[in-house]
Amino acid sequence: KGPIGPATAEYISDGIGQAEDLKADVVVIELNTPGGLLTSTRALIESITTSAVPVVTYVAPSGARATSAGTFIMYASHFAAMAPGTHIGAATPVALGGASSQKDADGQPSAMEKKVLSDSTAYIRSLAQLRGRNAEWAEQAVINANSLSASEALRLGVINFLSPTLDDLLEQLNGKTIQMPNQMMTLSIKPNSIQVIEPTWRQQLLSTITHPSIALVLLVAGLVGIYVEFSQPGLIVPGVFGVIALLLAGYALHILPINYIGLGLLILGMVLWCVEVILGGFGVLAIAGTISFVLGGVMLFDQTALGYAIPLGTLLGIAASGAIVCLLIARMAWASHRRPAVMSGSGVVGHVGVVEMRNDVAWVKVSGEWWHVESESRLSEGDHVKVIAINDLILTVEVTKKNN
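Per our numbering, numbering of the sequence shown is gapless, rising by one per residue and ending at 395.
Given below as C-alpha cells:
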C-alpha cells in the first residue's frame, strides 16, 4: 500500500525469494498504489519477471487503485486480478523537477518528453505481449492516461480475474496453467496454506523515513538542532540529534524525486526564521519565512506523478509553529533591549580574590572584573580576601589570609 519506493521493491524481492525457498505454489501481491519511483518500479518488475514462482497481483480492497507504476506492475505479473470498485491506468510518465511537462518553443513535446514517453510505451507493450494481455489499451494508458474500472479491465483483457476476496481469487487460480521460464506449471493451491510475509524492520524504517512528511520533519528537526548547537555551544545533544536527522533527511531526499526550487524555498523560509530571531524584524521576516516555507513544501514533491505529497495540514502546522516560536523569541529579545540595564553584584558575594593596591586604593579582581574594596581591617598588597557584601560599586571584604 502506498507509493512504490526502494523499501517496497526490496520487500517484494525478498518475499518472492522466500516463496521460492519454500517452493510455494503462488505469490499474491495485494496492491494499492498511486504510482512510484521509476527505478524502484523497474527493480520490482524485474523480481516478478525472473521469479520461479507464479506472481499474482491483486488490486484490493474496494476503492484501491493501480495507477501509474501500478499499471506496469499489473502487466508484469503472471496473473492480474482486481476487486470490484477498484481501477487501473493513468500510466503517463510525468516530468519531475517541478514541471508537469516539457515543451519546446512551439508548444510541442520536447525531445526528452518524447523519449521518455516512447520508452514507457515500448516497456508496457513488451510486458503486455509477455503475458498475453491487451497491449493496445496498455499503450493508451501511457500515451493518453486512460483508466478502467475493474469490470472494464476484465472485459478488455487487461486483467485475468475479478475477485471480491482473496479466497475467491485463490479458488479461481486453482487448476490454471502458466508458462514459467523452464516449464508449463499447473497451479494446485492447497486450502488453508496461506503464509503472510511481513516487511522487516529495515524495510519498515526505510519506508517511514522516505515518506514525504517524515522527510520534511527530519529536515526541519535537523536544521533546528544544528542552529541550537551553534547558538549555544557545548550542549552536544542538539548537535548530535541535528546531524542524525539531517543525514536521514538527506537519504530520503536523495531517494525521492524532489523539486530543487521547492527545497530551496523551504530552506530559505527557515533561514528567514533564524534571521528574525537574531535581528528582530518586527515579524516581517517571520511572515516572509512562513510563506516561503509553505510554498516550498507544496512544490517539493509532484503528487500527480508519484503520489508523493506533504499534507497541507502538516505544512501549515510546521510553518505556524516555526513562525510563532520566532515571533515569541524576537518579542522577548526586543523587550529585553527596551528594559533599563540593572547592575547587580549579589553574584560576587562569597567570592575570593587577592588585593592589589593602586595609589593607596585597594582593588580586587572578582569574576573577571576589577572592584574597589574596603574592609574593617587594614588592607595590604597581596592580602587574600572574601567578599561579604556590596554597597553600590564598592565591595566589603574580610581578610582570610594576611600577606606577611
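Glycine residues also receive a C-beta, built at the ideal position from the N, C-alpha and C atoms.
By the CB criterion at 8 Å, residue 49 and residue 147 fall outside the cutoff. Between the segment 40 to 54 and the segment 66 to 73 there are three or more C-beta pairs closer than 8 Å, enough to call the two in contact. For residue 385, the enclosing beta strand (DSSP E) starts and ends at 385 to 392. When the Cα atoms are used, residue 117 and residue 250 turn out to be separated by approximately 31 Å. For residue 74, the three-state secondary structure derived from DSSP is coil. One thing to note: residue 136 has its Cβ no nearer than 8 Å to the Cβ of residue 126. Secondary structure note for residue 170: it is in no alpha helix (DSSP H), and the uninterrupted beta strand (DSSP E) holding it is 168 to 170. Shown here, residue 204 sits in a helix according to DSSP, grouped into three states. Selection 360, 38, 17, 199 evaluated against residue 157 yields 17 as nearest (Cα-Cα). For residue 260, there is no enclosing beta strand (DSSP E); the enclosing alpha helix (DSSP H) has its first and last residue at 251 to 270. Under the three-pair Cβ rule at 8 Å, the segment 175 to 188 does not count as touching the segment 220 to 227. Between the segment 370 to 377 and the segment 385 to 393, the count of Cβ pairs shorter than 8 Å is three or higher; the stretches touch. A Cβ-Cβ separation of about 7 Å places residue 61 in contact with residue 26 under the 8 Å criterion. As the crow flies, the alpha-carbon of residue 207 is around 51 Å from that of residue 361. Measuring C-alpha to C-alpha distances from residue 53 to each of 153, 111, 80 identifies 153 as the nearest.
Contact between the segment 163 to 179 and the segment 102 to 111 is absent, with fewer than three C-beta pairs closer than 8 Å. Residue environment: residue 243 is assigned as buried (16 or more neighbouring CB atoms within 10 Å of its CB, all protein chains considered). Across the structure, residue -8 and residue 115 are spaced so that their CA atoms are roughly 22 Å apart.
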